[in-house]
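Per our numbering, residue 114 is the first one in the first sequence, and the count goes up by one each step. Backbone N, C-alpha and C fix where the C-beta goes; we use that ideal spot for every residue, glycine too.
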Amino acid sequence: MQLKADKGVGRRFEELIKLALEKGFFASSSEIYGDAPAGFWDYGPLGAAMKRKFIELWRRELVRRDEMLEIDGAQILSKSVFKASGHLDSFVDPIARCSKCGAIYRVDKLIEERTELHIPERMSLDEMKRIVENNGVRCTRCGGELTGYSYFNMMFRVGVGVAEADAYLRPETCQNIFVDFLRVYKTMRRKLPFAIAQYGKSFRNEISPRQGLLRMREFYQAEIEVFFNPDKADDFPKANAIMDYELRLQQVGESEPAEITCQDALGQGLISSKLVAYYLALIQQFYEKVGIPRERIRLRQLGEDEKAFYAVEAWDLEVETSLGWIELVACNNRGDHDLGGHQRMSGHEIEVMDDGQKVLPHVFELSMGVDRSLYCILENFLSLKNGKIMLRLPPYLAPVDAAILPLVSREPLISKALEVYDELRRDFDVEYDDSGSIGRRYMRYDEIGVPICITIDHQTIEDESITIRFRDAAHQIRIDISELPYLLREWLAYP
RNA sequence: GCGGCCGUGGUCUAGCCAGGUAGGACGCGGGGGCCCCGGCCCUGAGAUCGCGGGUUCGAAUCCCGCCGGCCGCACCA
114 MQLKADKGVG RRFEELIKLA LEKGFFASSS EIYGDAPAGF WDYGPLGAAM KRKFIELWRR
174 ELVRRDEMLE IDGAQILSKS VFKASGHLDS FVDPIARCSK CGAIYRVDKL IEERTELHIP
234 ERMSLDEMKR IVENNGVRCT RCGGELTGYS YFNMMFRVGV GVAEADAYLR PETCQNIFVD
294 FLRVYKTMRR KLPFAIAQYG KSFRNEISPR QGLLRMREFY QAEIEVFFNP DKADDFPKAN
354 AIMDYELRLQ QVGESEPAEI TCQDALGQGL ISSKLVAYYL ALIQQFYEKV GIPRERIRLR
414 QLGEDEKAFY AVEAWDLEVE TSLGWIELVA CNNRGDHDLG GHQRMSGHEI EVMDDGQKVL
474 PHVFELSMGV DRSLYCILEN FLSLKNGKIM LRLPPYLAPV DAAILPLVSR EPLISKALEV
534 YDELRRDFDV EYDDSGSIGR RYMRYDEIGV PICITIDHQT IEDESITIRF RDAAHQIRID
594 ISELPYLLRE WLAYP
């Protein structure tokens, strides 16, 4: 497997990929086979541990904080689901092939490049074909004629059962939430507005996956769908708590984000409702808790030409890295697109009672890319001071909580250290290590972001006290062994 | 998908142009040393050189195809 960047991408990207491969954060999937397709990645032990902790923070700061309901749905969904959602018709690119050399083109883009005509999203294939013929658009490489007009759908189709009935791997996790909405609503005794959350895999047949975890064909999403009565999006008392909170909004046409309180953003009509303002605040606060500096976070408003086909209002939460601003969370007001579509397609009435009035709920979503977030976190906390690599991860996101180290690898220090290790390992992610000099081991754990080293030395044998060495400042304190579980919990606690 | 560059132990790389036993560094294992921040000593393991075919007595090296990577273009969450 080759991952080294030859040029262009920054040293930070390069160092991070190297660290990921060496230490087991992530690597490309099936790498021992030559035919492994691009865009699939496996998390190693450290990456998997970190992802677990990141999701736990998501549950803490969003799901539990806002009393959301979390579900876990199937990844293969029927054709009807995607007919209703619009993905079968709209999640596509029009393509055509050169009859001579076989090059494949995005027809709409080729026309725009050649003729300066603007091709709207919804133009039919036949119309595009006519424009190609009338304007003499041909293959840019060999001048051959275009043929084989068709749509390339980004969804993976699968055949279910012996009849191989058409079904699809979900291209976004949220369709489960929409098709399950009625049962969840009926069984969980909730009133509008409320949210359903889900963390899991999504699949998209990307044309050119690239840049490691940033664009994959199989990836994790953590999605939140807030269901609300569109007439009452401003009747939302929870928003009172965030009115003075400053969002970093970048409006269409601006090149820099501006800090503006939710109150003012609402007053100026930048945000459609208190409900939307509240959830934008929640998601920005989440990334601040992750530890990303405020100035590297922005909520960028999407223009008409950028929005997904289902969105009526869209903000992207983006984080700045050495590769530029990376989109981590799509915050879309999906209106009644989804529940309306499923209501029509399935024939089930999805309207619910709200204050004695029947309403089809609207949806505001926070659709988070988990793998991308992990990349941004790793890059943000990667420190490259004097040739030494250190991951300054917040303790609650570190893949290993603490390392337990005998000062020298000799008895009785070894036995004592193993005793401490046995005591802690069911409650904490701890590692024991006695190989090499103590300095070497400290560096080894700095490199993978372990916040705390517990060192057993000769004094431990005399009085049951141990040395605690903290990663970031490399300073040490001495505590009694009996205080260890309690203090560890405190040091590893969420902010 | 197009174009440019590239693919050698876990990582980085020498060797490729001028075919002839795959070398080094770091890392890793074992042993020693070590009373606190990777630099010491001894020792060991680990690569059919991305995959497949061809040329050749002989291919990491030359040729072809494929797969993969980075960048640019075009896209996308």
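- With respect to the 8 Å criterion, G157 and A140 are classified as neighbours on the basis of their beta carbons.
- The three-state reading of DSSP puts N342 in coil, since its state is none of H, G, I, E or B.
- Using a 10 angstroms sphere on the CB of A276, the tally of other CB atoms stays under 16, which defines it as exposed.
- For the stretch 213–300, the full-length alpha helix (DSSP H) segments reaching 4 residues or more read 220–228, 238–248 along the chain.
- Our two residues, G448 and Q589, have alpha carbons roughly 55 Å apart in a direct line.
- Taking the CA atoms as reference points, I232 sits about 30 Å from E369.
- Judged by their CB atoms, L412 and L430 are nearer to each other than the 8 Å cut-off.
- Every unbroken stretch of the alpha helix (DSSP H) spanning 4 or more residues and falling wholly within the stretch 381–423 is given here in chain order: 387–403.
- Assigned with DSSP and collapsed to three states, Q364 falls in coil, not helix or strand.
- Rounded to whole angstroms, I517 and Y534 show a C-alpha spacing of 7 Å.
- By the C-beta criterion, the stretch 375–386 is judged not to be in contact with the stretch 397–411, since fewer than 3 inter-stretch pairs fall below 8 Å.
- Taking one beta carbon from each stretch, the stretch 320–333 and the stretch 452–470 have fewer than 3 pairs nearer than 8 Å; the two do not touch.
- Our two residues, A587 and Y558, have alpha carbons roughly 12 Å apart in a direct line.
- Looking at the DSSP output, N445 bridges to A427, E478.
- Beyond the five residues adjoining it in sequence on each side, A511 comes within less than 7 Å, by CB distance, of G562, V563, P564 in the same chain, given in chain order.
- Burial of M329 is indicated by the presence of at least 16 other C-beta atoms within 10 angstroms of its C-beta.
- In the structure shown, L305 adopts coil according to DSSP, grouped into three states.
- Looking at the DSSP output, E524 shares a beta bridge with no other residue.
- The beta carbon of R582 lies closer than 7 Å to those of Y555, C566, T568, Q589 in the same chain, with the five residues before and after it left out.
- The stretch 154–170 and the stretch 353–368 do not touch, with fewer than 3 CB-CB distances between them shorter than 8 Å.
- R584 and E532 have their C-alpha atoms roughly 23 Å apart.
- A Cβ-Cβ distance of about 6 Å is found for the pair E258 and R251, placing them in contact under the 8 Å criterion.
- In this structure, DSSP gives V483 a helical state, which the three-state scheme calls helix.
- Looking at the backbone, the Cα of A310 and that of S191 are separated by about 21 Å.
- The stretch 488–558 contains, as complete beta strand (DSSP E) runs of 3+ residues, the segments 515–519, 543–545 (chain order).
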